[in-house]
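Structure first, then comments.
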Amino acid sequence: MATVNPSQEELRKVLQETPKDQPVVMLNLLRFRDQAAYKDDTENCSGRDAYKRYMDEAAECVRSVGAEVIWSGRSVGSLIAPPDESWDQVLLVRYPSINAFLAMIESPEYKGVVKHRTAALEDSRLVANVEGAP
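Okay, so the sequence shown: first residue is 158 according to the numbering used here, each after it adds one.
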C-alpha cells in the first residue's frame, strides 16, 4: 500500500513508544513520482525535482531543531523485500530526540514546505530508530 504522510494514529504510537531522552534516526525510503502532483498552482516538475525543493526549503527547519541529514544516497536494489518494492533514494536524518522531530513537523515553517514532499512521492517509508540492543 502506497503511503506518503504519517497517520495521526501511527504518529501518536511512535511518540509514546520512543524514549524521550535519546537521539532518533529517521530512515526515509523514497519512491518519486514521474511528475509531481501538486494540489495548487506550483510549477510543474518531476517528483525528484519537487523533493529537491522540499529538501532545500526544509533544511532550515531541520537545523532549527538540532537535526541533520547524516546520510543520503540512491537505492540500487533490495536483497530482502517484496518483489514489487523498490526505492529511489534513502535518507538518514538524526534528531536529538523524538520531541525535536515532533517540534519540526508541527512548526508553521515546516507545514509550509511539506507540500513539496507530498507532491514528490509516489510511496515512502519513515522508520524511527534508536541506538541500543534489541
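The C-beta atom is built at its ideal place from N, Cα and C for all residues, glycine as well.
As the structure is a computational prediction, the values presented were derived from the model and not from experiment.
Do you know how far the Cα of residue j is from the Cα of residue i?
{"i": "GLU174", "j": "ALA257", "result": "15 Å"}
{"i": "VAL233", "j": "ASP245", "result": "8 Å"}
{"i": "ARG190", "j": "GLU288", "result": "32 Å"}
{"i": "ALA285", "j": "TYR267", "result": "19 Å"}
{"i": "TYR195", "j": "TRP228", "result": "27 Å"}
{"i": "LEU184", "j": "LEU283", "result": "6 Å"}
{"i": "ARG274", "j": "LEU168", "result": "17 Å"}
Tell me residue i's beta-bridge partners as DSSP assigns them.
{"i": "ASN286", "result": "VAL182"}
{"i": "ARG117", "result": "Within the shown structure, residues of the chain are numbered from 158 to 291, placing residue 117 beyond reach of any answer."}
Along the chain, where does the alpha helix (DSSP H) that runs through residue i open and close?
{"i": "VAL161", "result": "No alpha helix (DSSP H) contains VAL161, which DSSP labels as neither H nor E."}
{"i": "LEU249", "result": "No alpha helix (DSSP H) contains LEU249, which is instead part of the beta strand (DSSP E) from 246 to 252."}
Using DSSP with H/G/I as helix, E/B as strand and the rest coil, what is residue i?
{"i": "ILE262", "result": "helix"}
{"i": "LEU168", "result": "helix"}
{"i": "ARG220", "result": "helix"}
{"i": "ASP280", "result": "strand"}
So residue i is in the beta strand (DSSP E); what residue range does that whole segment cover?
{"i": "SER229", "result": "225 to 231"}
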